[in-house]
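What follows is a single structure, written as structure tokens, with notes after it.
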Amino acid sequence: MNWRSFWESELMEYVTVQLTYGLVVGTTIALTALGLTLIFGVMHIVNLSHGEFFMIGAYCAWAADQVLHNFWGSVLVAAVGSALLGGLLIMAFQRRLADAGPLRWALLTLGLGYVLREVVQLIFGTDFKLIDAPLKGTLPWIGGIYRLVVAGLSVALIVFAMWFLNRTRYGVLIRAVAGNREATAIAGVSPLAVYGWVSVISAGLAGVAGALMLPVTSAYPSMGLEIMVAAFAVVVVGGMGNIRGALVASLVAGELEALLTLVLQPNLAILLVMTLFMAVLVVRREGTLWLW
Amino acid sequence: MVRSGGRERATTAVVVLALLCPLALPDFYLYTAADLIIWALLAISLDVLLGYAGLPSFGQAAFFGVPAYTIGIVVSRGGPLTLAILAAIAALLVIAMAVGYFATKTGGVGYIVVTMLASFSLFQLALVWTGLTGGENGLYLPRASSLAVLRVRAQYLVVAGLGSAVLWASRRLARSGYGLALAAVKSNERRCRALGYNVERIKLQVTLVSAGIAGIAGILYALVERALAPDLLGPGLSTEVVIWVLLGGAQTLVGPIMGAALFVTLKQVLNTFESYPLVLGLLFVAVVTWAPAGLIALRPPGRRRRRSPGGPRPSPPETGLG
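Line order of the protein sequences matches chains G and Y.
If you read the first sequence in the numbering used here, its first letter stands for residue 16, the second for the next number, and so on.
If you read the second sequence in the numbering used here, its first letter stands for residue 608, the second for the next number, and so on.
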């Protein structure tokens, strides 16, 4: 087969469609991972309930869509809902566990995640909640238009979040607390207020990602766990607290997973990517920063 | 360190009670009791790791499910039981070495992530690789090549005997010089390193020990229960073990045993009660928030030790979770 016919073959179109899908998966992981790094960098919390806000975002969007019959409005509802819930939950325990170590926070959030999963199962049951894609139609070489829109929206959100952190006054405050909590407090900024903002933003980003993925993967109880494992792998590979590293690693993970799905079962593709990441972790620890 | 006279007596009482069970209980309850001991072993394995060494393994089910599945796979293909047990030990060693190596290499948060990842990946693998694991249907061990060939009473004695031996060995380990080294690594890793301890090696060793205990529990589970499902490897069970250990009281051995026994019993009694896991999770959150030393450290209000007015408050038991 010569190159020209390969280029025009159906196989090639499969590949490019998968590449778009990889972008969707990658940016979704990136949005979730962004919240994870943020809350770890600023509050030093290993938030093992983070994935559940992704799941709650999806379920919120589904429930809102049943009432509103308007998908984009539902995404907004889901974002606000998961952001508020996340902020309230973390801040409710923040006072009590103010000087608790990271292990106790990890245990607490593990429990919170477990509870959230059970609550959602009690309310919605364990079956898949489906929804029609709000934008129908497909493009050649790309696949569903909705997927392209999701990828674009996610990229825009990530860019906006980075701008917010790097360029605005609130972003500077957040980074200041992350850098030196005491000095910021002395300078007259309440770290508690910043913590509140960070936990709201963190859960909100995960919630938006979940809501946007609702038409693609539908909503089911273990979706939060799945995305959280990926997000954690990405965050650790990118270097805890290193946002740029996490973003690059997310895109690599998404594309790899999507491409491997061409030849393997989806679950096996994820496994392979995770194993690869574990290997990268060890190599990186030994001082080779060859990925970025 | 905590003075633990009461805890010593409690441990002895647990063992004596467990070994006396066959005299008093009918067969059905003995079967349930054997089940409890197996889950208690899994709780002990995590307590050694999380309680004593401070290593947060949130994927403990991997060390439990892998040997159990290996036995199932070998036996259901007609292999002899001895071969199955040897294969299970080999598989456990491989998985424990791999997880332990990656987890200690990445350290800190990495330990949580790698153990979680391991449990999650193996769970997925068990679901996907249907030819080997039976997928969602799981595996059934034939009666002939399991402990079911023995009478229930003898079965129970095997489980209780092994369980008591593991508990005794874990207590010896915790109170030995090595146990002190573990406590040292837990409380100040950098100082240990400065004193010349090979912290990475100690962490890997204790991960292997813990995996070994979990593996014994897994092998017993396969041989007694004879039905294997992917859940035995999954993040759900991994989380539940953490809950048992913390609820009972980490770093006490007896606390996690009580935690496991209490909650497995509750699960069986309340299995028609749909929101049981929710109650368990809420209780766990409450314990981590308000009583991080676990239920075992709680005293009924009337029996609180009197302290001289103005004297120092008795320090709360050390949990290492603060």
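Think of the CB as a built atom: it goes at the ideal place given N, C-alpha and C, for glycine as much as any other residue.
Treat the numbers as computed from the prediction; the structure is a model and nothing was measured.
TODO: Determine contact between the region 53–69 of chain G and the region 248–257 of chain G, defined as no fewer than three beta-carbon pairs at a distance below 8 Å.
DONE: These segments touch.
TODO: Tell me whether Y804 (chain Y) sits in a helix, a strand or coil according to DSSP, three-state version.
DONE: coil
Open item on the list: Please return the same chain residues whose Cβ sits closer than 8 Å to the Cβ of E28 (chain G), not counting the five positions on each side in sequence.
Closed with: P155, W156
Task: T31 (chain G) classed as buried or exposed, judged by whether at least 16 other C-beta atoms fall within 10 angstroms - done: exposed
Task: Where the alpha helix (DSSP H) through G194 (chain G) begins and ends - done: 184–194 is the span of the alpha helix (DSSP H), which, as asked, contains G194 (chain G).
TODO: Name, going along the chain, the residues of the region 83–112 of chain G whose beta-carbon falls closer than 9 Å to a beta-carbon of chain Y.
DONE: F108, R111, L112
TODO: Go through its chain and collect everything with a Cβ distance to I60 (chain G)'s Cβ below 6 Å, but skip five positions before and after it.
DONE: I54, W120
- [ ] Taking only the alpha-carbon atoms, compute the straight-line gap between T47 (chain G) and Y74 (chain G) and give it to the nearest angstrom.
- [x] 16 Å
Open item on the list: Taking its Cβ as the centre, do 16 or more other Cβ atoms sit within 10 Å of H323 (chain G), making it buried, or is it exposed?
Closed with: Residue 323 (chain G) cannot be examined here, being either before or after the span of chain G that is shown, 16 to 307.
TODO: Go ahead and pull the three-state DSSP assignment for K235 (chain G).
DONE: What sits at residue 235 (chain G) in the sequence shown is Tyr, not Lys. The answer is coil: DSSP assigns Y235 (chain G) none of H, G, I, E or B.
Open item on the list: Just verifying my parser: in three-state terms, what is the DSSP assignment at T153 (chain G)?
Closed with: strand
TODO: Output the boundary residues of the alpha helix (DSSP H) element that contains D80 (chain G).
DONE: 65–83
Open item on the list: Is the separation between the beta-carbon of F108 (chain G) and that of A218 (chain G) shorter than 8 Å?
Closed with: no
- [ ] Apply the 10 Å Cβ neighbour rule to G856 (chain Y) and answer buried if 16 or more other Cβ atoms are within range, or exposed otherwise.
- [x] Buried is the call here.
Task: Stretch-stretch touch, CB-based, cutoff 8 Å, three pairs: the region 811–828 of chain Y with the region 863–871 of chain Y - done: No, they do not touch.
Task: Under 8 Å (Cβ pairs) to chain Y, residues found in the region 259–289 of chain G - done: Q280, N282, L283, I285, L286, M289
Open item on the list: the ligand ADP and S265 (chain G): does the residue's C-beta get closer than 7 Å to at least one heavy atom of that ligand?
Closed with: You won't find the ligand ADP in this model; it holds no ligand whatsoever.
- [ ] Kindly indicate which three-state DSSP category L688 (chain Y) falls into: helix, strand or coil?
- [x] helix
Open item on the list: Does chain Y have any CB closer than 8 Å to the CB of L306 (chain G)?
Closed with: Because L306 (chain G) sits at a pLDDT of 41, beneath the cut-off of 50, its placement in the model cannot be relied upon, and the point is left open.
Task: Positions along the region 704–729 of chain Y whose CB lies within less than 7 Å of some CB in chain G - done: F709, K712, T713, V716, G717, I719, V720, V721, M723, L724, F727, S728
Open item on the list: Between Y:C799, Y:S652, Y:L802, Y:P837, which has its C-alpha nearest G745 (chain Y)'s C-alpha?
Closed with: Y:P837
Task: Residue environment, G901 (chain Y), which counts as buried when at least 16 other CB atoms sit within 10 Å - done: buried
TODO: Could you list the residues in the region 44–75 of chain G with a C-beta less than 7 Å from some C-beta on chain Y, going in chain order?
DONE: If the cut-off is 7 Å between Cβ atoms, the region 44–75 of chain G has V61 near chain Y.
Task: Euclidean distance between Cα positions of V95 (chain G) and A79 (chain G) - done: 12 Å
- [ ] Anything in the region 796–812 of chain Y with a Cβ closer than 9 Å to a Cβ of chain G? List those residues in chain order, please.
- [x] none
- [ ] Taking only the alpha-carbon atoms, compute the straight-line gap between L699 (chain Y) and F670 (chain Y) and give it to the nearest angstrom.
- [x] 7 Å
- [ ] Report all residues from its chain with a CB closer than 8 Å to the CB of P919 (chain Y); omit the five preceding and five following residues, and keep chain order.
- [x] Confidence in P919 (chain Y) is poor, its pLDDT being 48 and thus under 50, which makes the residue's placement too unreliable to answer from.
Open item on the list: Check this for me: beta carbons of V135 (chain G) and P230 (chain G), under 8 Å apart or not?
Closed with: no
TODO: Check whether the Cβ of Q667 (chain Y) lies closer than 8 Å to any Cβ atom in chain G.
DONE: no
- [ ] Reducing DSSP to helix, strand and coil, say where G158 (chain G) ends up.
- [x] strand
Open item on the list: Here's the rule: buried if 16 or more other CB atoms are within 10 angstroms of the residue's CB, otherwise exposed. What is F665 (chain Y)?
Closed with: buried
- [ ] Residues of the region 840–855 of chain Y with a CB closer than 9 Å to any CB of chain G: list them in chain order, please.
- [x] With the criterion set as a beta carbon lying under 9 Å from some beta carbon of chain G, the members of the region 840–855 of chain Y are P842, G843, T846, E847, V849, I850, L853, in sequence order.
Open item on the list: Out of Y:C628, Y:R616, Y:K712, Y:V706, which one is the CA nearest neighbour of V759 (chain Y)?
Closed with: Y:C628
Task: CB of A691 (chain Y) within 8 Å of CB of V681 (chain Y), strictly - done: With contacts defined by Cβ atoms closer than 8 Å, A691 (chain Y) and V681 (chain Y) form a contacting pair.
- [ ] Spell out a yes or no on whether the region 629–646 of chain Y and the region 753–773 of chain Y are touching, meaning 3 or more CB-CB pairs, one atom from each, closer than 8 Å.
- [x] yes
Open item on the list: A620 (chain Y) and I644 (chain Y) - do their beta-carbons sit closer together than 8 Å?
Closed with: no
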